[in-house]
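For what it's worth, our numbering labels the leading residue of the sequence shown as 681, then goes sequentially. Even glycine gets a Cβ: it sits at the ideal position worked out from N, Cα and C.
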Amino acid sequence: MLRLILLRIASIPLTLLIVSMLVFAATEALPGDTARTVLGREASDGSVASLRHSLGLDQPMPVRYVHWLFAFIRGDWGTSFTLKTPVRELLLGRLGDSLLLAAVAFTLLVPVAVVLGLVSGIYHNRLTDRVVSSAGLALGATPEFVTGVVLLVVFSVNLKWFPASAQVDPGAGWPTRLYHLLLPATSLVLLCTGYVARHVRAGTVAAMRSPYVRAAELRGSSRPRVVVRHVLRNAAVPAISALGVQAQFLLGGLVAVELLFNYPGVGALLLEAALSKDLPTLQATVMVLGAFYLAIMQTVDLVYRLLDPRLRRAVAA
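Next up, the structure:
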């Protein structure tokens, strides 16, 4: 297992190098002239040419890529074209806000999805299973901005239980911050619950049909004891993969929710940078998100192998 962990860690830099090439090439392929976008349409050709030279845009793309890559590794992520702020400072501040929103949503998602998946699997092909499965499919097919609008209209506009904006003052305490995050986090949970619950349900159904669960029931073990001691562990194995996918989404797929709830996260920053062709911000944001995706993928894979006895034995062999 240690050898596998070391191999996984060693593969991350190479993967990030490939990601950096794709990111740089993709941002370079964006339509329009970056210098003219920054200066505006009324700028003179001389001003545009001067800015292109100062930004190094008149150099060949391979040269610019090498300069950008080494600067990024040193921690110099450039300055935002539009906000005139160091990208590293800007991005890390926004990333912290997005991580907080994702953590709140993930904390709500895990118990809700696991409980619903267990209940659905235990009562397989019964009314409870059909209701939970149908609701999960319906919510999973509904875009998060739609559920977000519904939550805003019901709980913020009509009932006035929650604020419409998730943005709070920098000096606000944790209770206030979490209170403002409940609605956007709930909209994400509603979208992700069905996907995770289906994986938990599949593992639960397989475990309930296994010989050791039937043997435990024949020995007189109560249903809650059987579920906790035997079913839950086996149902957790397929759920790990689903939770990993949703964790990646919760970090990078927050654009609609952050815009809807006026939340200053990395998703909104990514969209703003793409629309304004703010290349330093766009490139750094995608690279940081890519690093998080890789870390989550590798962690999920290792945890999956630890929980699944078949994969654990294969690694040991």
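In the assembly as shown, residue 899 is an exposed residue. Its beta-carbon has fewer than 16 other beta-carbons within 10 Å. Around the beta-carbon of residue 967, 16 or more other beta-carbon atoms lie within 10 Å, marking it buried.
Within the region 932–968, the runs of alpha helix (DSSP H) at least 4 residues long that lie entirely inside it are, in chain order, 935–940 and 946–956. By the beta-carbon neighbour count (other beta carbons within 10 angstroms, threshold 16), residue 910 is buried. Straight through space, the alpha carbons of residue 975 and residue 923 are spaced by roughly 14 Å. Residue 852 sits exposed, since fewer than 16 C-beta atoms from the chains shown fall within 10 Å of its C-beta. Taking C-beta atoms as the reference points, residue 892 and residue 781 fail to come closer than 9 Å.
Taking a cut-off of 8 Å on C-beta distances, the region 711–721 does not touch the region 695–703, as fewer than three cross pairs fall below it. Contact between the region 945–962 and the region 901–909 is absent, with fewer than three C-beta pairs closer than 8 Å. At a cut-off of 4 residues, the continuous stretches assigned as alpha helix (DSSP H) that sit fully inside the region 805–875 are 807–820 and 824–831. Judged by their CB atoms, residue 907 and residue 792 are not nearer to each other than the 9 Å cut-off. The alpha-carbon separation between residue 856 and residue 848 amounts to approximately 8 Å. Its Cα nearest to that of residue 779, the residue 865 stands out among 744, 957 and 865. Residue 884 is not a Cβ neighbour of residue 807, given a cutoff of 9 Å. According to the DSSP assignment, residue 766 belongs to no alpha helix (DSSP H), since it is labelled neither H nor E. Shown here for residue 774: same chain residues with a beta carbon closer than 7 Å to its own, the five before and five after excluded, namely 944, 945, 946 and 949 in chain order. The Cβ-Cβ distance between residue 926 and residue 750 does not fall below 9 Å.
Here residue 960 is near residue 767, since their CB atoms are less than 9 Å apart.
Secondary structure note for residue 730: its alpha helix (DSSP H) is the uninterrupted segment 725–735. Here the alpha carbon of residue 691 sits roughly 12 Å from the alpha carbon of residue 971. If you draw a straight line from the Cα of residue 803 to the Cα of residue 882, it comes to about 12 Å. The C-beta separation of residue 825 from residue 835 comes to about 16 Å, leaving the pair out of contact by the 8 Å criterion. As computed with DSSP, residue 759 is found in a beta bridge with 766. Leaving aside the five residues that flank residue 716 on each side, the residues in its chain whose CB is nearer than 6 Å to its CB run, in chain order, 728. Within 10 angstroms of the beta-carbon of residue 805 lie fewer than 16 other beta-carbons, which makes it exposed. Relative to residue 769, the option among 980, 965 and 978 whose CA is nearest is 965.
With respect to residue 876, residue 789 sits close: the two C-beta atoms are nearer than 9 Å. Here DSSP, grouped into helix, strand and coil, assigns residue 709 to coil. Residue 760 and residue 958 have their C-alpha atoms some 6 Å from each other.
The alpha-carbon separation between residue 794 and residue 888 amounts to approximately 15 Å. Straight-line spacing of the CA atoms in residue 963 and residue 703 works out to 6 Å.
Looking from the CA of residue 821, the closest CA among 935, 701, 986 and 872 belongs to 872. Residue environment for residue 689: exposed (fewer than 16 other C-beta atoms within 10 angstroms of its C-beta).
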